[in-house]
Amino acid sequence: MASSQRGASVGFALPFDGYESPTEDNQPGFFFGPTPTHSGATTPARISISAATQNVTTVTFLERAHPRLHRLQRQQHARQPPSPPSRDPSPDGYQSSIGPSNLDSVLDEEKGSSSRKVGLKDRIACYQWTFFTMTMATGGLASVLHGLVYQAEWVNGFGVFFCLLNIVLFLTNCVLLSMRFYLRPGSLTKSFTDQVESLFIPAFFVSIAVILINICQFGVPHCGVWLLKTLQILFWIYTGLSAVASAGLYLILWSTLIFPIHMMTPTWVFPAYPLMLTAPFACNLIAAASATGRIDVLYAPAVALSAVATQGTGCLISLMISAAFIYRLMTQKLPRDFQRPGVFISIGPYAFTAGSLAQLGAEARTILPANFLDTQNSADIIKIISILVALWFWGLSMWFFLVSMGSLWKYLHTGKGMPFQMTWWSFVFPNTALVTATEIMGNIFESRGLQLFGCAMTIALVIAWIAIFATMVACIKQKKLLWPKSKS
């Protein structure tokens with residue numbers, strides 16, 4: 001009887017709502033399986049384990065209490081013909097047994113899915129929001145080439161090339177993604193509730209901001225006043241859109257999905273990224289107007305102050321998420337292979353903020369009116385404070401750059417490959433912000449070392465962009481990308 005009680009206690013001691021700390025080899029399927037429930041309802045898997053434990057307990061008790069009776073029952077059960085497998089689902093909605101007919105149906109389904117020819121429409125249906133990370137990186141590279149201190153005609157030509165290529169890639173992404181939503185009705189709404197794809201929807205808005213920044217850099221010097229006025233209107237539209245998009249996307253994620261802390265990556269900050277492109281947009285808009293002698297066309301103080309407000313909001317959100325990321329690293333180690341490129345995303349928020357604050361601060365006398373806030377020499381005070389705060393954020397972004405590069409030592413040391421995903425573009429885009437901030441710091445402090453360092457990093461970014469683009473094209477050709485995944 002004591003054995004029965006011990007067996008029963010073992011059967012019912014399984015924690016129905018407990019939590020086991022995950023490890024590198026034991027990760028719950030939050031990203032590839034159903035979302036766990038927090039209600040008191042037990043899952044079928046746990047019920048079957050508990051029921052099996054109770055059956056073992058009952059058999060053990062019968063064997064010890066009535067061994068002769070139990071042997072007779074086993075002999076009688078052996079003489080009975082085997083019962084056909086049940087096809088009725090269990091009360092929990094799962095199939096109670098798998099018979100030959102079930103196995104045949106599974107094999108037939110796999111054979112049919114593998115033999116079905118995958119056409120162009122099927123491949124287009126695999127297009128995702130993550131492809132906008134490519135346009136983020138391409139436009140960012142054009143911006144870096146524009147900001148190089150060592151300018152030449154061929155450098156400017158490369159910048160224009162990447163600017164135009166980025167527009168073509170952006171339009172291609174829009175067309176193919178729209179075709180996906182048309183070919184697969186309901187996929188648009190599902191993309192907002194997918195735990196992986198939903199985080200990359202803001203890449204669409206960031207790509208728009210990058211294109212507008214490139215137009216400020218390469219278009220304003222060759223066009224009339226109408227372009228400056230148009231860009232100022234687009235700035236206000238983008239600022240409002242970025243705030244609404246950021247808050248709206250976070251609300252959708254918080255109300256429909258669960259993101260456990262042990263699976264956290266810096267991609268959580270992506271919904272705040274549109275906010276952090278407002279200050280770079282304002283900087284380049286004001287710089288273009290000042291360089292062409294048309295600063296009076298803009299209402300520069302309003303543009304600059306609103307950009308600082310939205311940029312600060314995005315940066316503070318990123319700072320809080322970075323704290324959660326460091327906690328995750330301390331408790332769960334570095335992310336897994338397919339998540340490792342996302343570590344570089346942590347560089348972007350502080351690099352964008354550093355470059356923008358330093359550039360706006362350097363132009364404080366041009367932007368702000370005399371006796372701003374009824375304070376004498378207010379422009380000089382704001383300039384000093386802005387540059388010092390920018391130094392803090394630049395140092396933080398450099399630290400995250402070192403951490404991100406160190407996380408790749410595993411692959412360089414062992415020669416182990418990393419599966420290609422569109423998140424590989426994270427190797428380029430956040431670092432474009434870091435290079436731009438470094439170049440701005442070098443110009444402000446007249447540091448030749450920082451300027452040379454920025455040029456060296458620019459060359460590395462161009463090489464990285466070419467390598468990633470070639471790998472992406474090869475994966476598409478080899479059916480590793482834009483190819484339906486098997487349900488098995």
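Read in the UniProt record's numbering, the sequence shown has 49 at position 49, and its numbers run on one by one without any break.
A virtual CB, placed ideally from N, CA and C, is assigned to each residue, including glycine.
query: Inter-stretch contact (C-beta, 8 Å, three-pair minimum) for the stretch 458-465 and the stretch 372-380; result: no
query: For ALA437 and SER447, the rounded distance between their alpha carbons; result: 13 Å
query: Same chain, Cβ closer than 6 Å to PHE218, neighbours up to 5 away in sequence not counted; result: VAL160, CYS163
query: Residue interval of the alpha helix (DSSP H) (run including residue 497); result: Residue 497 cannot be examined here, being either before or after the span of the chain that is shown, 1 to 488.
query: Opening and closing residue of the alpha helix (DSSP H) in which ARG336 lies; result: Looking at the DSSP string, ARG336 is not in any alpha helix (DSSP H), and its letter there is neither H nor E.
query: Sequence-distant residues of the same chain with beta carbon closer than 6 Å to THR130, five excluded per side; result: PHE200, MET422
query: Cα-Cα separation between PHE401 and TYR127, rounded to whole angstroms; result: 30 Å
query: Touch test, the stretch 459-478 against the stretch 136-153, Cβ-Cβ under 8 Å, three pairs minimum; result: yes
query: Close-in-space but distant-in-sequence residues of the same chain around ASP122 (CB under 7 Å, 5 per side omitted); result: PRO484
query: Straight-line gap, TYR238 to TYR273 (C-alpha atoms, nearest Å); result: 13 Å
query: Contact the stretch 252-268 vs the stretch 177-185: 3+ CB pairs below 8 Å; result: no
query: Contact the stretch 227-238 vs the stretch 265-272: 3+ CB pairs below 8 Å; result: no
query: Distance, ALA474 Cα to LYS190 Cα; result: 28 Å
query: Counted within 10 angstroms of its Cβ, other Cβ atoms place PRO335 as buried (16 or more) or exposed; result: buried
query: CB of PRO301 within 7 Å of CB of LEU391, strictly; result: no
query: Under the three-state DSSP convention, the category TRP483 falls into; result: coil
query: N-terminal and C-terminal residue of the alpha helix (DSSP H) that GLY314 is part of; result: 300-332
query: Proximity winner among MET134, ASN431, ALA358, LEU120, relative to TRP399 (alpha-carbon distances); result: ASN431
query: Sufficient close CB pairs (3 or more, under 8 Å) joining the stretch 345-353 to the stretch 315-326; result: yes
query: Simplified DSSP assignment, three categories, for CYS174; result: helix
query: Closest residue to ALA282 among THR292, GLN311, ILE258 (Cα-Cα distance); result: GLN311
query: Contact check, GLY355 vs ILE440, beta carbons under 7 Å; result: yes
query: Classification of SER178 by the beta-carbon crowding that lies within 10 angstroms, buried from 16 upward; result: exposed
query: Whole-angstrom distance between GLY157 and ASN371, CA atom to CA atom; result: 42 Å
query: Inter-residue Cα distance where the pair is residue 489 and ILE468; result: Because the chain is modelled from 1 through 488, residue 489 falls outside the range shown and cannot be assessed.
query: Exposure of PRO266, with buried meaning 16 or more beta-carbon neighbours within 10 Å; result: buried
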